[in-house]
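Everything in the sequence shown is counted per my numbering, starting at 141 for the first residue and increasing by one.
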Amino acid sequence: MFFSGPSVHNPVKVVKSWYKAYNENLKRLKLIEDLNKPFKKPSLIKQIFHRLTNK
141 MFFSGPSVHN
151 PVKVVKSWYK
161 AYNENLKRLK
171 LIEDLNKPFK
181 KPSLIKQIFH
191 RLTNK
């Protein structure tokens, strides 16, 4: 988990640090989605095998 700095009690600083952490987590999620994208679609070999065995 990413943190954007030490804890604070000033409401403006709390919102700023929350916003920084939120943006960092969005970047991390986007990176994970991009890394997993090739594995979502079945490979050509798997598609051919599935068609041959399920007739």
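Glycine included, each C-beta is placed from N, C-alpha and C at the ideal position.
Distance, Cα to Cα, His190 vs Leu166? 36 Å
So, helix, strand or coil for Asn150, using DSSP? coil
Roughly how many whole angstroms lie between the Cα atoms of Leu184 and Asn176? 17 Å
Measure the alpha-carbon distance for Asn163 versus Val154 and round it to whole angstroms. 14 Å
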